[in-house]
Amino acid sequence: MKAVIWTDVFQVLVMLSGFIAILIQGTLLVGSPSTALEIASNHSRINLADFDPDPRSRYTFWTFTFGGTMVWLSMYGVNQAQVQRYVACKTENEAKLALLVNQVGLFFIVSSAVGCGIVMFVLYRDCDPLLAGYISAPDQYMPYMVLDIFEKYPGVPGLFLACAYSGTLSTASTSINAMAAVTVEDLVKPNMPSLSPRKLTLISKGLCNSRLVTSYEGWDLCPVTAAPGPSPHAWRGSNELLLEITRVWRPRDSELTVGPPLGEGGSS
Numbered sequence: 001m002k003a004v005i006w007t008d009v010f011q012v013l014v015m016l017s018g019f020i021a022i023l024i025q026g027t028l029l030v031g032s033p034s035t036a037l038e039i040a041s042n043h044s045r046i047n048l049a050d051f052d053p054d055p056r057s058r059y060t061f062w063t064f065t066f067g068g069t070m071v072w073l074s075m076y077g078v079n080q081a082q083v084q085r086y087v088a089c090k091t092e093n094e095a096k097l098a099l100l101v102n103q104v105g106l107f108f109i110v111s112s113a114v115g116c117g118i119v120m121f122v123l124y125r126d127c128d129p130l131l132a133g134y135i136s137a138p139d140q141y142m143p144y145m146v147l148d149i150f151e152k153y154p155g156v157p158g159l160f161l162a163c164a165y166s167g168t169l170s171t172a173s174t175s176i177n178a179m180a181a182v183t184v185e186d187l188v189k190p191n192m193p194s195l196s197p198r199k200l201t202l203i204s205k206g207l208c209n210s211r212l213v214t215s216y217e218g219w220d221l222c223p224v225t226a227a228p229g230p231s232p233h234a235w236r237g238s239n240e241l242l243l244e245i246t247r248v249w250r251p252r253d254s255e256l257t258v259g260p261p262l263g264e265g266g267s268s
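For the sequence shown, the residue numbers in the working numbering are 1 to 268.
Dropping the structure here:
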């Protein structure tokens, strides 16, 4: 558990570094933060007071309030990966403090992602790379922007690659560790009560390694399909993102899964 937490700390720092680099360079190209916010606001990309009750509207006060509450409750209230961390704390107060610190970090991550989306929209508001044929899927907006704005800075796109990998591996390591812990607690210990703590630890580590191997093979070898869920695309997306960053550009085969672009559909 301690190893997973420390790797998550390192990966969060890498993610923030990638976001900050994109924000700084993108803002310089736009002109200033105020210019980016003004343009985005004029195109109705920043509207924090939309009280439209229509459930078909994507971003409103109601969708954020009710939908967001259910999402965060499912993640931080009953999710095994999070509950495992609460239990690992020495006291209830420490668990509460850890959750508050987590929210601060999450705020910076989400704010950075939103900022990158605003910069992306402002840069390409008059020339949509997808409509222009420079990319073949909406998932390729962010990699395309990174290669575009850092064209004269060799090596910096690699920071974005590390940022994307960190986001993927952070979730993967946490999930694998949580699955191994549940297996040991709910299946191994009840059926083998005589096992010592040391042997249980070794079994947990072995389960982590076996799940890592099977998960990687399942994701990497699974063909790209239209089936819902991220698992068939996660590692394949990272591998093709590596090819993308190193300029081996294959638009017809690319299936970059770095998340939907913020501001999608606003260009013409």
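Ideal Cβ placement from N, Cα and C applies to all residues, glycine included. Here the structure is a predicted model, which means the values were calculated and not measured.
Helix, strand or coil: which one does DSSP assign to Y86? helix
Count the C-beta pairs between the region 14-21 and the region 100-117 that are closer than 8 Å, then say yes if the count reaches three, no if not. yes
If we ignore side chains and look at the alpha-carbon of each, how far apart do T35 and I20 end up? 18 Å
For a test of the three-state rule: what should DSSP assign to E151, helix, strand or coil? coil
Do you know offhand how far M120's Cα is from V30's? 10 Å
Buried/exposed call for D139, threshold 16 Cβ in 10 Å: buried
Would you say the region 72-92 touches the region 171-186, given that touching needs at least three Cβ pairs under 8 Å? yes
Whole angstroms are fine: how far does the CA of K189 sit from the CA of L195? 7 Å
Helix, strand or coil at G167 [DSSP, three-state]: helix
Output the distance between the C-alpha atoms of T174 and T168, rounded to the nearest integer angstrom. 10 Å
Meets three-Cβ-pair contact criterion under 8 Å: the region 51-66 and the region 144-154: no
Could you name the residues of the same chain whose beta carbon sits closer than 6 Å to that of F160, not counting the 5 residues immediately before and after it, in chain order? G18, V146
K90: beta carbon under 7 Å from a heavy atom of the ligand NAP? The model on display carries no ligand, and the ligand NAP is accordingly not part of it.
Can you say whether V258 is buried or exposed, counting buried as having 16 or more other CB atoms within 10 angstroms of its CB? Low local confidence applies: a pLDDT of 37 at V258 is under 50, so the model's placement there is unreliable, and no value is given.
Out of C116, T183, D186, which has the shortest C-alpha to C-alpha gap to L28? C116
Quick check on the burial criterion: 16 or more other C-beta atoms within 10 angstroms. Buried or exposed for S170? buried
Taking 8 Å as the cut-off, decide whether the C-beta atoms of Y153 and Y144 are in contact. no
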